[in-house]
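Trainee: Here you go, one structure.
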DNA sequence: CAGGCAGTTTGCGATAGCGCAAAACGGGCC
DNA sequence: GGCCCGTTTTGCGCTATCGCAAACTGCCTG
């Protein structure tokens, strides 16, 4: 297996406060793997045996109801951890992880976790902070779903994606991985039909340019305005 | 200040893996305080200076939008921690905490946190697990808001409250603190009007008995059935 | 290069739940 | 015991959004 260069991961929040020498030791416990686009990394409900760090690509975490309805929990960007079931005391993965682009991940066996945080308590602290940040994002999402109209929620979702994984273009920001209307619907609690209608509308106003699993924000500023507009703001 | 008996808190998840002698040392760093019903413990956006452990009573955490709309993030039951802004790397409290009943809390200054987790790494691990559990609950809530009708969401919310803070009666379960229609609306992403209509309907079927800030589940089993019924299940 | 399929667009009718308004209720406080 | 205020109930019209159906499109594959 190709060895992972410590310099590539040393700056990640997960390893803040860990000495470079130690980092090497940590990485030796991991193996790396490549997942082609549209392959599952783990399935909701499966025994959690490993935890992951995304090095390259993009991963979508989804949660499914017994009746088959699904939401997108989040998109994982390079440098972020996922599948931390062990750390948060879960025996099974609470969500399904799928590579939406060809992706490369580091994989630690769960058995490494207790040893890791014993030797490097900073890792526990760092993880607590990331999980805490995700908790706050979830609360924000709940707040949005409770108080905003669909159009605003879609605007927020796109802006967040652009911030997390946007590729700056000469004229606009492109979301840097394949994403469908359906995916956006599952991020915002609506249907792909409604998302399609909204994006069509925006496209005709020149706010976005989009097509098959592809979205470019041509006028991010106006989308911010849309996102912040309250229901009773004056139209036009 | 009255000293807190270690035996009262020794069994809490927060202190799992901490030796009784050490516990005493931990508690000496805290002070306790009493908050009468309907008083704020901290406000969203304020500088986070302390973190809290609820000993007695009930606390409601709410999050408010710039435009004044509000959701209930969660209800805190005795034995649970809240206001962990420091632990998750937040400088300001992300929510407002209010005592919904006369409440007694332990309060640690944030400055105690780094020392605490250094001396007792188990506390960091335990906190990571509780925060992780809350994250999963949030995801479940998002899933429900995305896929279920209001009636089912209200059913789920009441069942959760009953489980967390239900007082078993001869015939049913009473939610053990004052809670209004408005509160339930803010937990489920709807309006107090709709909650009122739903509860009225249930009351006429003998599923619940309720009044001013008071709810008794008279037939929890049927409410479970309601909660699980999918939109396309046959009526009656 | 043709075909097929996944993803997207669009129309149209149905409706759950909102928003507003007003009345009824109940409990605590003086 | 009576008053007052916060809470709850209920009616009614409205509309954002869903749900279904059908057509369209662009990409990838063979």
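Residue numbers (the numbering used here), protein chains in the order written: chain A, 1 to 236; chain B, 1001 to 1236. Glycine included, each C-beta is placed from N, C-alpha and C at the ideal position.
Less than 8 Å between the beta carbons of residue 81 of chain A and residue 40 of chain A, yes or no?
Mentor: No, these two residues do not count as a Cβ contact at 8 Å.
Trainee: Starting from the beta carbon of residue 1135 of chain B, find every residue of chain A whose beta carbon is closer than 8 Å, and list them in chain order.
Mentor: Chain A residues near residue 1135 of chain B: 88, 131, 134, 135, 138.
Trainee: Just verifying my parser: in three-state terms, what is the DSSP assignment at residue 1068 of chain B?
Mentor: Looking at residue 1068 of chain B - three-state DSSP - the assignment turns out to be coil, as it is neither helix nor strand.
Trainee: Apart from the five residues on each side of it in sequence, which residues of its chain come closer than 7 Å, Cβ to Cβ, to residue 122 of chain A?
Mentor: Around residue 122 of chain A: 16, 17, 18.
Trainee: Along chain B, in chain order, which residues have C-beta atoms closer than 7 Å to that of residue 141 of chain A?
Mentor: Per Cβ cutoff of 7 Å: 1142.
Trainee: Who does residue 209 of chain A pair with in a DSSP beta bridge?
Mentor: Answer by DSSP bridge pairing, in chain order: A:216.
Trainee: Between residue 1124 of chain B and residue 1117 of chain B, what straight-line distance do the alpha-carbon atoms span, to the nearest angstrom?
Mentor: Their Cα atoms are separated by approximately 6 Å.
Trainee: Helix, strand or coil for residue 1132 of chain B per DSSP?
Mentor: Residue 1132 of chain B: helix per DSSP, three-state reduction.
Trainee: Establish whether the CB of residue 1128 of chain B and some CB of chain A are separated by less than 8 Å.
Mentor: Yes, contact with chain A.
Trainee: Show which residues of chain A have a CB atom less than 9 Å away from the CB atom of residue 1179 of chain B.
Mentor: Those within 9 Å of residue 1179 of chain B in chain A number zero; the least Cβ separation is about 17 Å.
Trainee: Taking CB distances under 8 Å as the criterion, tell me whether residue 1109 of chain B reaches chain A.
Mentor: It does not: the Cβ of residue 1109 of chain B has no partner Cβ on chain A nearer than 8 Å.
Trainee: Got a sec: is the Cβ-Cβ distance from residue 15 of chain A to anything in chain B below 8 Å?
Mentor: No - not a single Cβ of chain B is within 8 Å of the one on residue 15 of chain A.
Trainee: With residue 198 of chain A and residue 137 of chain A assumed to form a contact (beta carbons below 8 Å), what rounded beta-carbon distance in angstroms separates them?
Mentor: Between residue 137 of chain A and residue 198 of chain A the Cβ distance is about 22 Å, and since that is not below 8 Å, they are no contact.
Trainee: Quick one: what does DSSP say residue 19 of chain A is sitting in, helix, strand or coil?
Mentor: Three-state result, residue 19 of chain A: coil.
Trainee: Reducing DSSP to helix, strand and coil, say where residue 1077 of chain B ends up.
Mentor: DSSP places residue 1077 of chain B in coil when its eight states are reduced to three.
Trainee: Can you give me the Cβ contacts of residue 35 of chain A inside the same chain, cut-off strictly under 6 Å, excluding the 5 residues immediately before and after it?
Mentor: Counting only Cβ-Cβ distances below 6 Å, and skipping sequence neighbours, we find 41, 99, 103.
Trainee: In whole angstroms, what is the alpha-carbon distance linking residue 1029 of chain B and residue 1044 of chain B?
Mentor: Going from the Cα of residue 1029 of chain B to the Cα of residue 1044 of chain B covers about 25 Å.
Trainee: Please list the residues of the segment 1066 to 1079 of chain B that have a C-beta atom closer than 8 Å to any C-beta atom in chain A, keeping them in chain order.
Mentor: Result list: 1067, 1069, 1071, 1073.
Trainee: Using a C-beta cutoff of 8 Å, does residue 117 of chain A count as contacting chain B?
Mentor: Interface residue, yes.
Trainee: Write down the C-beta distance between residue 1051 of chain B and residue 1110 of chain B rounded to the nearest angstrom, noting that I regard them as a contact closer than 8 Å.
Mentor: Right, their Cβ atoms sit about 7 Å apart.
Trainee: Please name the residues in the segment 186 to 216 of chain A whose beta-carbon is closer than 7 Å to at least one beta-carbon of chain B, in chain order.
Mentor: Against chain B - using a Cβ distance shorter than 7 Å - the residues of the segment 186 to 216 of chain A are 189.
Trainee: If you compare alpha carbons, which of B:1131, B:1212, B:1218, B:1158 is closest to residue 1205 of chain B?
Mentor: Minimum Cα distance to residue 1205 of chain B is reached at B:1218.
Trainee: Examine chain B for any beta-carbon lying closer than 8 Å to the beta-carbon of residue 97 of chain A, and answer yes or no.
Mentor: No, residue 97 of chain A lies away from the interface with chain B (no Cβ there is under 8 Å from its Cβ).
Trainee: Give the DSSP bridge partners of residue 51 of chain A, in chain order.
Mentor: Answer is A:108, bridged to residue 51 of chain A.
Trainee: Alpha carbon to alpha carbon, how far is residue 1013 of chain B from residue 1131 of chain B?
Mentor: Each residue's Cα considered, the two are about 12 Å apart.
Trainee: Any C-beta of chain B sitting closer than 8 Å to the C-beta of residue 234 of chain A?
Mentor: Any reading at residue 234 of chain A must be qualified, since the residue scores a pLDDT of 48, below 50, and its modelled position is unreliable; the value itself is stated next. False, the Cβ-Cβ gap to chain B never drops below 8 Å.
Trainee: For a minimum of 3 consecutive residues, which ranges assigned as the beta strand (DSSP E) are wholly contained in the segment 114 to 199 of chain A?
Mentor: Entirely contained in the segment 114 to 199 of chain A, the beta strand (DSSP E) runs reaching 3 residues are, in chain order, 166 to 169, 172 to 175.
Trainee: What whole-angstrom Cβ distance do residue 953 of chain B and residue 1216 of chain B have, given they're in contact under 8 Å?
Mentor: Outside the displayed range of chain B (1001 to 1236) lies residue 953 of chain B, so it cannot be described from this structure.
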